[in-house]
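Working notes for the structure below.
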Amino acid sequence: MGFKISGLNAEPFIHLFKQDEDYLKRHGALRIKVDSHPGYPDRISLRDIPVGETAILLNHTYQPAYTPYHGSHAIYLWEGCNDQGIYINKIPESIVARLLSLRAFGENHLMLQADICEGADTEMLLKLFFDDPSVSYIHIHNAKQGCYACLAERL
């Protein structure tokens, strides 16, 4: 069983990059200077943003389906990063270093399974969830802050 882990597409967020603080505020976003590593996981590249770079903090709807699981939460974006992280049968470094919550959904966007794991155990839990043929996709969240991290899909 193979899997693909994907960061967010940069396109919907590019308009926020290099804008002034008033523009960001009107869009519910903030610019933050990165002062620790790891600490600011970019949801586009799925890498931790280096110290000295800037991050955009904003609310993102990670589950747009109109179900009880519809959801949004704060995420960080590496300002200016347009390189979407796509990982085939590999766990991104920013995921391995964190305590995670994995939530498996069916094609009707209802949650079927969920569990918490250390990042190093992510591959094992993905395989366990994807062994269930009714699982269509898995949302990976950072367990402590609850923030959406990325999407895992079966290959």
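The sequence shown: position 48 = 48 (UniProt numbering), numbered continuously. Backbone N, C-alpha and C define an ideal beta-carbon position, used for all residues, glycine too.
In chain order, VAL51 place their CB closer than 8 Å to the CB of ASP35, counting only its own chain and leaving out the 5 sequence neighbours on each side. Looking at the backbone, the Cα of ASN142 and that of CYS117 are separated by about 10 Å. Note that the C-beta distance between LEU77 and LEU8 is below 9 Å. Contact between GLY85 and ILE44 holds: CB atoms are separated by about 7 Å, below the 8 Å threshold. 9 Å or more divides the Cβ of GLY2 from the Cβ of ARG98. Counting C-beta pairs closer than 8 Å gives fewer than three between the region 131 to 150 and the region 9 to 26, which falls short of the contact rule. Distance check between GLN63 and each of HIS27, ILE91, LEU100 and MET111 places MET111 closest, using alpha-carbon atoms only. Looking at the backbone, the Cα of LEU100 and that of HIS15 are separated by about 30 Å. With 16 or more neighbouring CB atoms inside 10 Å of its own CB, PRO41 falls in the buried class. For the pair LEU30 and ILE5, the Cα-to-Cα distance works out to about 27 Å.
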